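*Asks:*
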Amino acid sequence: MAPLPGLAGLLPGELAELLGLPPFRGVQIFKWISRGALSFDSMTDLPLSLRETLAEKYRIRTGSVKSRLEAPDGTVKSALAFGGGTGIEMVLLADGRGRKTVCLSTQAGCPAGCVFCKTGTLGFRRNLSAAEIAEQFLFAGDLSPGISTVVVMGMGEPLLNLAEFRRACAFLCHRDGPGISPRRITVSTCGIADGIRDLASGGPPVRLALSLATADEELRKALMPITKTNPLPLLKEALLYFQEKGGGRVTLEAVLLGGINTGGKDARAMAAFARGLDVVVNIIPWNPVEGLVFSGLPLREPSAGETAEFRRLLEKEGLKVTRRYRRGRGVSGACGQLGESARTCAEAPMYAPAQPAAERLIRKSGADG
Ligand code: SF4
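In numbering that gives the first Met the number 0, the protein residues as written are 0 to 368.
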C-alpha cells in the first residue's frame, strides 16, 4: 500500500484547498502542525469526525528519525529518512546563550563536489521538497522548541533547489507558524551566480553567505569545481547585484585548509575580491573528514598558528573577520562533515552513480563536480 501523503510544509490556504475545508480550518491545522503536533487526534479544536477522516487519509510528516547523536557541547545531529529511503542529516546547535539554531539540508547528497566536504563525496541523489526541508525544522523543534535562527548550510547547494527552498521559507516565516524572520535565515552557497541573482530579485530577503574558500581562481577551480562555470568575476558581479537590491552584508566563508589557502597571497586575493562589497569574512578551520585528499595528499586542519596568522593577514588588508566557534565536531555535525549516516539510512546507496536528473541539473547550473 502506498504511504499516505503528508501535510507538513503546506500553508494554511493550501491545506484548506487540498482538504476541501473552509480557510479557518486550514489555519487551525497549520498551527497545530507548526507547533509540532504528531497526531491528528491531538488537534483538539477540530471536530472528532474531521480528525478521524484526516488520520485515515493523511500523515502529518513523511520523514522519520533514524538516529541521533549528541555532542558534549549540546549539538545534536539527526539522521532523517524521507520517501524512497532518502537519507539526510540535520543539525541543531545551541550557542550557550540560549539561542538555538537549526542547520537544514536542501538536497540529498550534493552535485557540487567541493573537495573539502564530506557531502561532496556522496554525489547527488535528489532535491528535497519544500515539505522535507520544513519537516527538518519540525524535527528540530521536537528536540528543543524555540528555535530562532536557521542556517541553510547542511547537505546540498540551496541555490540549485531554489524553488523548493522558497516554499519552505514561506512555511518557516509564516506568522501563524514558526514566524522566523527572513533576516534570521542565512543561506550558504558554493557560488551559483544565477542563483544569487535570482534570490536577489525574487526573494525571500534572507541573508547570504558565500563559501569562498579562496579567491585564487585556479586554486578555487581545483577545490570547488563549480568555479569552472561560475568564475570569481561573475560571482562578484552577482554579489554586487545582491547588495544593490538591498540584500545586505554578505558573509564570505573561508574554510582554512592547512598548508593550502592560508598564506599572504591568499589573504591579498581575498581582500581584492572583497573590494567594493560589504562583507565580513568568517574563517572556519577545516573540520577533519577522513579520506579527503587534495593533490594526492590528505587534507589537514590548519594549526592554531596558521589560523591566527591568516586572520592577522586579513585584518591587515582591512577586512572584518570573525571566526566560527566550532560546534558539533564530536558527532561529525560540524561544517563540511555531514553525510556519514546518510549512507546508512538510505535504502539505495548514495554512492550510486549520479541519476540522470542530477546530470541535467549539473549541466543546467554549470556545476561539473
Ligand atoms: S560544501 Fe556545500 S556545495 Fe560544496 S559539496 Fe559540500 S554541501 Fe555541496
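Every residue gets a Cβ at the ideal spot worked out from N, C-alpha and C, and that includes glycine.
These numbers come from a predicted model, not from an experiment.
Helix or strand or just coil, what does DSSP make of Pro11?
*Replies:* In the sequence shown, counting from the first residue as 1, residue 11 sits at position 12. Note: Pro11 maps to helix in three-state DSSP.
*Asks:* Using the C-alpha atoms, what's the distance from Gly194 back to Lys363?
*Replies:* Here the question's residue 363 lines up with position 364 in the sequence shown. Here the question's residue 194 lines up with position 195 in the sequence shown. With a pLDDT of 36 at Lys363, under the threshold of 50, the modelled position of that residue is not reliable, and the figure given next carries that caveat. Rounded to whole angstroms, Lys363 to Gly194 spans 12 Å at the Cα level.
*Asks:* Please state whether DSSP places Arg60 in a helix, a strand or coil.
*Replies:* In the sequence shown, the residue the question calls residue 60 occupies position 61. In the structure shown, Arg60 sits in coil (DSSP, three-state: anything other than H, G, I, E or B).
*Asks:* Going by the DSSP bridge assignment, what does Met89 pair with across the sheet?
*Replies:* Here residue 89 is taken as the residue at index 90 of the sequence shown, counted from 1. Paired residue(s): Ser77.
*Asks:* Where does Leu234 sit, in a helix, a strand or coil, going by DSSP?
*Replies:* Counting from one through the sequence shown, the residue named residue 234 turns up at place 235. When DSSP states are grouped into helix, strand and coil, Leu234 belongs to the helix group.
*Asks:* Check each candidate in Leu20, Phe39, Pro21, Met0 and name the one with the smallest Cα separation from Ala7.
*Replies:* Here residue 7 corresponds to residue number 8 of the sequence shown, with the count starting at 1. Cα-wise, what sits closest to Ala7 is Phe39.
*Asks:* Between Val279, Val280, Ala303, which lies nearest to Asn286 when the distance is taken from Cα to Cα?
*Replies:* Start at 1 with the first residue of the sequence shown, and residue 286 comes out as number 287. Of the listed residues, the one whose Cα sits closest to Asn286 is Ala303.
*Asks:* Counting only the same chain and skipping the five closest in sequence on each side, list residues whose C-beta sits under 6 Å from that of Met269.
*Replies:* Here residue 269 corresponds to residue number 270 of the sequence shown, with the count starting at 1. Cβ neighbours of Met269 beyond the five flanking positions: Ala214.
*Asks:* DSSP beta-bridge partners for Lys99?
*Replies:* Within the sequence shown, residue 99 is the residue found at index 100, counting from 1. Ala93, per the DSSP bridge assignment.
*Asks:* What are the start and end residues of the alpha helix (DSSP H) that includes Glu163?
*Replies:* Working through the sequence shown from its first residue, we reach residue 163 at position 164. Unbroken alpha helix (DSSP H) run through Glu163: 161-172.
*Asks:* Sort Leu92, Leu49, Leu53 by Cα distance to Pro4 and report the nearest one.
*Replies:* Position 5 of the sequence shown holds residue 4. Comparing alpha-carbon positions, the option among Leu92, Leu49, Leu53 lying closest to Pro4 turns out to be Leu53.
*Asks:* With distance defined between alpha-carbon atoms, name the residue in Ile282, Glu300, Ser77, Pro177 nearest to Gly62.
*Replies:* Residue 62 sits at position 63 when you count from the first residue of the sequence shown. The candidate whose alpha carbon is nearest that of Gly62 is Ser77.
*Asks:* Check Ala199 in the structure and name its three-state DSSP category.
*Replies:* Here residue 199 is taken as the residue at index 200 of the sequence shown, counted from 1. Helix, per DSSP.
*Asks:* Alpha carbon to alpha carbon, how far is Leu68 from Leu142?
*Replies:* Mapped onto the sequence shown, residue 68 falls at position 69. Mapped onto the sequence shown, residue 142 falls at position 143. Approximately 12 Å between the Cα atoms of the pair.
*Asks:* Can you tell me whether DSSP reads Thr306 as helix, strand or coil?
*Replies:* Position 307 of the sequence shown holds residue 306. Correct three-state label for Thr306: helix.
*Asks:* By the three-class DSSP mapping on this structure, what secondary structure does Glu252 have?
*Replies:* Within the sequence shown, numbered from 1, the residue matching residue 252 stands at position 253. Correct three-state label for Glu252: strand.
*Asks:* Count the other CB atoms within 10 Å of the CB of Ser33; is the residue buried (16 or more) or exposed (fewer)?
*Replies:* For the purposes of this step, residue 33 is taken as the residue at position 34 of the sequence shown. Classification for Ser33: buried.
*Asks:* Relative to the ligand SF4, is the shortest distance from any of its heavy atoms to the C-beta of Thr185 smaller than 8 Å?
*Replies:* Here residue 185 corresponds to residue number 186 of the sequence shown, with the count starting at 1. Because no heavy atom of the ligand SF4 lies under 8 Å away, the Cβ of Thr185 does not count as near it: no.
*Asks:* Could you compute how far the alpha carbon of Arg60 sits from the alpha carbon of Phe138?
*Replies:* Position 61 of the sequence shown holds residue 60. Position 139 of the sequence shown holds residue 138. Each residue's alpha carbon lies about 9 Å from the other.
*Asks:* Between Glu55, Ile259, Leu318, which lies nearest to Val374 when the distance is taken from Cα to Cα?
*Replies:* In the structure as shown, the chain begins at 0 and stops at 368. Residue 374 is therefore absent and cannot be evaluated.
*Asks:* Rounded to the nearest angstrom, how far is the Cβ of Leu198 from that of Leu158, given a contact under 8 Å?
*Replies:* As a position in the sequence shown, residue 198 is number 199, starting the count at 1. As a position in the sequence shown, residue 158 is number 159, starting the count at 1. Indeed they touch by this definition, with Cβ atoms about 7 Å apart.
*Asks:* Could you please give me the residues that DSSP links to Ser210 through a beta bridge?
*Replies:* Residue numbering aside, residue 210 sits at position 211 when the sequence shown is read from its first letter. According to DSSP, which records beta bridges pairwise, Ser210 is partnered with Glu252.
*Asks:* Can you tell me which of Lys227, Ser210, Ala221, Thr226 puts its alpha carbon nearest to the alpha carbon of Thr250?
*Replies:* On the sequence shown, position 251 is the one that residue 250 refers to. The option with the nearest alpha carbon to Thr250 is Ser210.
*Asks:* Hey, would you say the C-beta of Phe170 is under 8 Å away from at least one heavy atom of the ligand SF4?
*Replies:* Here the question's residue 170 lines up with position 171 in the sequence shown. No - the ligand SF4 has no heavy atom lying nearer than 8 Å to the Cβ of Phe170.
*Asks:* Are the segment 106-114 and the segment 19-38 touching by the rule of at least three beta carbon pairs closer than 8 Å?
*Replies:* no
*Asks:* Contact check, Leu171 vs Ala133 under 8 Å by CB: the rounded distance?
*Replies:* In the sequence shown, the residue the question calls residue 171 occupies position 172. In the sequence shown, the residue the question calls residue 133 occupies position 134. Yes, Leu171 and Ala133 are in contact; Cβ-Cβ is about 7 Å, under 8 Å.
*Asks:* Please name the residue, chosen from Leu312, Ala212, Glu289, Gly83, that lies closest to Lys117 on a Cα-to-Cα basis.
*Replies:* Locating residue 117 in the sequence shown gives position 118, counting from the first residue. For the residues Leu312, Ala212, Glu289, Gly83, the minimum Cα distance to Lys117 belongs to Glu289.
*Asks:* Let me make sure I understand the geometry here. Which of Lys99, Gly83, Ala266 has the alpha-carbon closest to that of Val320?
*Replies:* Residue mapping note: residue 320 aligns to position 321 of the sequence shown, counting from 1. Ranking Lys99, Gly83, Ala266 by Cα distance to Val320 puts Ala266 first.
*Asks:* Let me check you understand the geometry: is the CB of Ile87 closer than 8 Å to at least one non-hydrogen atom of the ligand SF4?
*Replies:* Indexing the sequence shown from 1 puts residue 87 at position 88. No, the Cβ of Ile87 stays beyond 8 Å of every heavy atom of the ligand SF4.
*Asks:* Considering only their Cβ atoms, is the gap separating Val151 from Val205 smaller than 9 Å?
*Replies:* The residue you call residue 205 lines up with position 206 of the sequence shown. The residue you call residue 151 lines up with position 152 of the sequence shown. Closer than 9 Å, so yes.
*Asks:* Less than 9 Å between CB atoms is the rule here; does Leu207 satisfy it with respect to chain C?
*Replies:* Reference to chain C is not applicable here, since this structure consists of a single protein chain.
*Asks:* Please name the residue in Glu163, Pro224, Asn229, Pro297 whose C-alpha comes closest to that of Pro203.
*Replies:* Stepping through the sequence shown from its first residue, residue 203 is reached at position 204. Considering only Glu163, Pro224, Asn229, Pro297, the residue with the shortest C-alpha distance to Pro203 is Glu163.
*Asks:* Run through the DSSP bridge pairs and tell me what Arg125 is partnered with.
*Replies:* Stepping through the sequence shown from its first residue, residue 125 is reached at position 126. In the DSSP output, where bridge partners are listed per residue, Arg125 has Ala107.
*Asks:* Which residues end up in the neighbourhood of the ligand SF4 when you take C-beta atoms closer than 5 Å to any of its heavy atoms?
*Replies:* Cys109, Ala111, Cys113, Cys116, Thr118, Gly119, Glu156, Cys189
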